[in-house]
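Below is one structure, written out as structure tokens; the observations come after it.
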Amino acid sequence: MIRIGNLTVFPDRREIFVDGAPVELSYRAMDVLLILIEANGALVTKDELMDRVWPTTIVEDNNLYVHICTIRKVMDEHRKLLVCAPGRGYRLLRPIQPTRAASTFVARTDSKQAVQ
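To convert, note that position 46 of the sequence shown is 46 in full-length UniProt numbering; the numbers rise steadily by one, no gaps.
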């Protein structure tokens, strides 16, 4: 299970949920999303996406763009996490969850219990 904003993606089952409700994505759009998730925030070139999603078919760039738009629509307010690097490719940012600060243990010496 992978959480991206309000999306929950189950890659092994090819299922996606938005705020807990199931959402249908086309087979190709799901492929694009899974490739971007697999890249873990790294840039995926348009050529790599095209080669992996349409390995035996020649398609225009606009086919990829249509699926990117579909993914962004599903992401709704989190659509800015799917970033375009013009002329290069796409990157799916994963929001950094704030981590809790480590507890600091401060040893206190009580003058009455001090060991001499």
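All residues carry an ideal CB built from backbone N, CA and C; glycine is no exception.
Inter-residue Cα distance where the pair is residue i and residue j
i	j	result
E15	Y27	11 Å
T70	L43	19 Å
L92	V66	16 Å
P11	P86	27 Å
N62	R94	25 Å
I4	I68	15 Å
E60	D51	12 Å
C84	P22	26 Å
Nonlocal neighbours in the same chain, by C-beta distance under 8 Å from residue i, ignoring five residues either side
i	result
L7	I16, F17, V18, V74, M75, H78
R88	L43, T45, K46
Under 8 Å between C-beta atoms of residue i and residue j
i	j	result
I35	I2	no
residue 139	L64	This structure leaves residue 139 out entirely; the chain is present only between 1 and 116.
Same chain only: Cβ atoms within 6 Å of residue i, ignoring 5 sequence neighbours per side
i	result
D31	V53
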